[in-house]
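K.L.:
What follows is a single structure, and I will ask about it in a moment.
Residue numbers (UniProt numbering), protein chains in the order written: chain V, 1 to 272; chain B, 1 to 272.
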């Protein structure tokens with residue numbers, strides 16, 4: 001089974017992908033999220049695995065736009081805490097390290113640790129790329145900040161674990177599939193959809209009343225106004241039920257009457 | 001007048017700040033958004049100027065969290081298109097440039113331009129920092145991708161303008177003030193607030209019905225569920241009216257009855 005993700009080997013997305021699917025799958029890295037969705041459509045991968053929300057950075061707008069424009073379906077979600085690791089060539093000790101290479105976000109999240117150890121922060125394109133470079137250059141005074149998966153992939157030693165300050169930094173990932181390759185049996189506990197409201201005052205409330213009527217708890221609700229059309233909104237919504245229950249079926253049918261546009265993105269098991 | 005922003009001199013935030021306030025104000029850069037709010041509270045600056053939304057990256061969650069937790073008020077908003085510029089030491093020509101230094105986001109947005117000109121992308125902490133380093137190193141084969149304000153500040157030549165692919169990349173900024181330093185006359189056309197719904201099914205709809213009842217058009221609506229408490233949401237909302245009108249006053253009074261918590265962030269003129 002081939003799973004597409006954005007990044008190079010050892011990226012946090014790949015680590016989350018292995019945690020979700022197990023290590024027997026083949027992970028395939030792409031340069032952009034768009035390329036992941038293209039590879040899925042072209043059958044170069046069986047499933048795509050993309051981040052959609054992070055507790056620090058918020059919603060990954062680009063992936064929601066792709067979910068809206070592409071023909072595919074969400075079949076699962078997965079949550080992963082982002083835990084940064086200091087990685088160096090074999091034999092290096094933490095006292096020797098003068099510089100740490102990583103993505104600016106990761107460097108920022110580890111600022112306290114770097115200050116304590118008097119290590120200079122050196123920005124690179126991404127965390128896994130920094131780990132690969134550290135392995136290539138093999139200097140005893142330089143380390144990378146990346147996932148612990150990078151230790152294994154690039155043959156580096158782990159000098160320190162959990163070196164980030166914010167211990168709750170969590171990313172939510174989605175597994176996306178083609179319509180002709182959906183799993184046969186899927187436990188539907190949660191549903192994601194996008195809808196666009198009609199163009200009149202209160203259109204929004206009329207749509208949300210439907211979820212209230214059928215007691216569907218919204219676990220995500222994010223809207224973007226359509227600037228040219230007052231009262232119109234694109235809504236990204238998750239609710240706590242599969243589409244195979246009576247209330248959810250009725251709610252979706254009524255939403256299709258009330259909203260200008262509804263796209264069901266998928267119904268899938270709750271992730272942990 | 002002293003205005004705080006996050007970044008070093010020449011950052012896009014500083015350019016937007018000058019466009020909004022004019023060049024006679026004193027801009028003061030800080031290392032983090034939190035420090036901007038601290039400096040505002042401590043009277044080291046008169047106003048803060050922070051980004052809250054970007055068309056590519058979405059909401060700046062950190063600044064909304066600060067608006068919620070800090071004692072301050074929004075008094076204005078400003079929109080700015082992000083236009084990337086290629087900057088090099090005096091006398092360099094574009095044919096000589098082999099490497100461009102910048103923040104990974106900016107490099108990504110200019111990927112097409114760099115490919116066409118066979119320029120290597122070199123990641124740095126931020127755009128303005130890259131421009132400062134280019135000026136310090138003074139090498140004829142290296143350029144920075146940054147705001148055109150950096151040309152003036154660091155004495156660099158503009159080799160190319162508008163080198164980004166996405167021409168609609170726009171950031172929305174807010175001006176925040178202390179309660180004891182609010183402008184005397186402020187045109188109230190738009191209002192921002194945060195509220196938390198009560199803990200029962202439909203609590204959300206009950207809150208939104210109030211805006212419908214008073215025909216207040218929501219130009220922003222973003223919610224974050226409170227994971228431990230189903231049916232409870234934190235809502236970030238803007239509507240198209242000042243708080244000095246009858247409908248807005250009534251709506252706010254009813255919202256205070258219906259929601260568990262309401263914080264008015266400010267009422268201010270519409271930005272352009």
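Note that the Cβ used here is the ideal one computed from N, Cα and C, for glycine as well. Quick caveat: nothing in here was measured; it's all calculated off a predicted structure.
Would you mind reading off the limits of the beta strand (DSSP E) that contains residue 125/B?
P.N.:
Looking at the DSSP string, residue 125/B is not in any beta strand (DSSP E), and its letter there is neither H nor E.
K.L.:
DSSP state of residue 266/B, grouped into three classes?
P.N.:
The answer is strand: DSSP assigns residue 266/B an E or B state.
K.L.:
At 4 residues or longer, what runs of the alpha helix (DSSP H) sit wholly inside the segment 32-96 of chain B?
P.N.:
Here the runs fully enclosed are 33-41, 61-69.
K.L.:
CB residue 212/B to CB residue 201/V, shorter than 8 Å?
P.N.:
Taking 8 Å as the Cβ cut-off, residue 212/B and residue 201/V qualify as a contacting pair.
K.L.:
Using only the alpha-carbon positions, how far apart do residue 263/V and residue 179/V sit?
P.N.:
Roughly 14 Å between the two C-alpha positions.
K.L.:
Can you pull out the residues from the segment 189-211 of chain V whose beta carbon lies closer than 8 Å to at least one beta carbon of chain B?
P.N.:
If the cut-off is 8 Å between Cβ atoms, the segment 189-211 of chain V has 201, 202, 204, 205, 208, 209, 211 near chain B.
K.L.:
Using 8 Å as the threshold, is the C-beta distance between residue 173/V and residue 259/V below it?
P.N.:
Not a contact, by the Cβ cut-off of 8 Å.
K.L.:
DSSP three-state call for residue 13/V: helix, strand or coil?
P.N.:
Helix, per DSSP.
K.L.:
Could you check where the beta strand (DSSP E) with residue 236/B kicks off and where it finishes?
P.N.:
Here the beta strand (DSSP E) through residue 236/B covers 233-239.
K.L.:
Over the uninterrupted alpha helix (DSSP H) stretch that includes residue 222/V, give me the two end residues.
P.N.:
Counting along the chain, residue 222/V falls outside any alpha helix (DSSP H), though it belongs to the beta strand (DSSP E) covering 218-225.
K.L.:
Excluding the 5 residues preceding and the 5 following residue 11/B in the sequence, name in chain order all residues of the same chain whose CB lies nearer than 8 Å to its CB.
P.N.:
Once the five neighbours on either side are set aside, the close Cβ partners of residue 11/B are 5, 29, 126, 127, 128, 147.
K.L.:
Beta-carbon within less than 8 Å of residue 91/B's beta-carbon, same chain only, minus the 5 sequence neighbours each way: which residues are those?
P.N.:
Answer for residue 91/B: 140, 157, listed in chain order.
K.L.:
Do residue 121/B and residue 100/B have their C-beta atoms closer together than 8 Å?
P.N.:
Closer than 8 Å, so yes.
K.L.:
Going straight from the alpha carbon of residue 68/B to that of residue 257/B, what length do you get?
P.N.:
For residue 68/B and residue 257/B, the distance between alpha carbons rounds to 19 Å.
K.L.:
Quick one: Cα of residue 19/V to Cα of residue 181/V, how far?
P.N.:
If I take the Cα positions, the gap works out to 22 Å.
K.L.:
What's the gap between the Cα of residue 119/B and the Cα of residue 97/B?
P.N.:
Distance between the alpha carbons of residue 119/B and residue 97/B is about 7 Å.
K.L.:
Against chain V, with Cβ distances strictly below 8 Å, would residue 124/B count as a contact?
P.N.:
For residue 124/B, the answer is yes, since a Cβ of chain V falls inside 8 Å of its Cβ.
K.L.:
Can you pull the chain V residues whose beta carbon is under 7 Å from the beta carbon of residue 58/B, in chain order?
P.N.:
Result: 58, 59, 61.
K.L.:
Please check if any C-beta of chain B sits within less than 8 Å of the C-beta of residue 103/V.
P.N.:
Output row for residue 103/V: interface = yes.
K.L.:
Would a check of beta-carbon distances place residue 233/V closer than 8 Å to chain B?
P.N.:
Yes, because at least one Cβ of chain B sits closer than 8 Å to the Cβ of residue 233/V.
K.L.:
With a threshold of 16 other CB atoms inside 10 Å of the CB of residue 184/V, please say whether the residue is buried or exposed.
P.N.:
Result: exposed.
K.L.:
Does the Cβ of residue 168/V have 16 or more other Cβ atoms within 10 Å, making it buried, or fewer, making it exposed?
P.N.:
Exposed, by the Cβ-count rule.
K.L.:
Could you check which residue in 71/B, 175/B, 268/B, 38/B has the C-alpha nearest to that of residue 13/B?
P.N.:
Residue 175/B is the option with its Cα nearest to residue 13/B.
K.L.:
To the nearest angstrom, how far is the alpha carbon of residue 111/B from that of residue 253/B?
P.N.:
Straight-line Cα distance between these residues: approximately 50 Å.
K.L.:
Consider the Cβ of residue 215/B: report whether some Cβ of chain V lies at a distance smaller than 8 Å.
P.N.:
Yes, its Cβ sits closer than 8 Å to a Cβ of chain V.
K.L.:
Determine the burial state of residue 115/B: buried for a count of at least 16 other Cβ atoms within 10 Å of its Cβ, exposed for fewer.
P.N.:
Classification of residue 115/B: exposed, given that the 10 Å Cβ count is below 16.
K.L.:
Just to confirm before moving on: does the CB-CB distance between residue 108/B and residue 123/V stay below 8 Å?
P.N.:
Against a cut-off of 8 Å, the Cβ pair of residue 123/V and residue 108/B comes out as no contact.
K.L.:
Measure the beta-carbon distance from residue 39/V to residue 87/V and round it to whole angstroms, keeping in mind my assumption that it falls under 8 Å.
P.N.:
Not a contact, Cβ separation roughly 29 Å.
K.L.:
Considering only C-alpha positions, which residue in the set 32/V, 61/V, 198/V, 50/V is nearest to residue 17/V?
P.N.:
Considering only alpha carbons, the answer is 50/V.
K.L.:
Consider the Cβ of residue 222/V: report whether some Cβ of chain A lies at a distance smaller than 8 Å.
P.N.:
The structure shown has no chain A; the protein chains it does contain are V and B.
K.L.:
What do you get for residue 82/V, buried or exposed, if any count of 16 or more other CB atoms within 10 angstroms of its CB means buried?
P.N.:
So residue 82/V ends up on the buried side.
K.L.:
Where do the ends of the beta strand (DSSP E) carrying residue 248/V lie?
P.N.:
Where residue 248/V is concerned, there is no enclosing beta strand (DSSP E), although the alpha helix (DSSP H) it sits in stretches over 246-258.
K.L.:
Could you compute how far the alpha carbon of residue 1/B sits from the alpha carbon of residue 177/V?
P.N.:
Roughly 55 Å separates the two Cα atoms.
K.L.:
Can you name the start and end residues of the beta strand (DSSP E) that residue 174/B belongs to?
P.N.:
Residue 174/B -> beta strand (DSSP E) spans 170-177.
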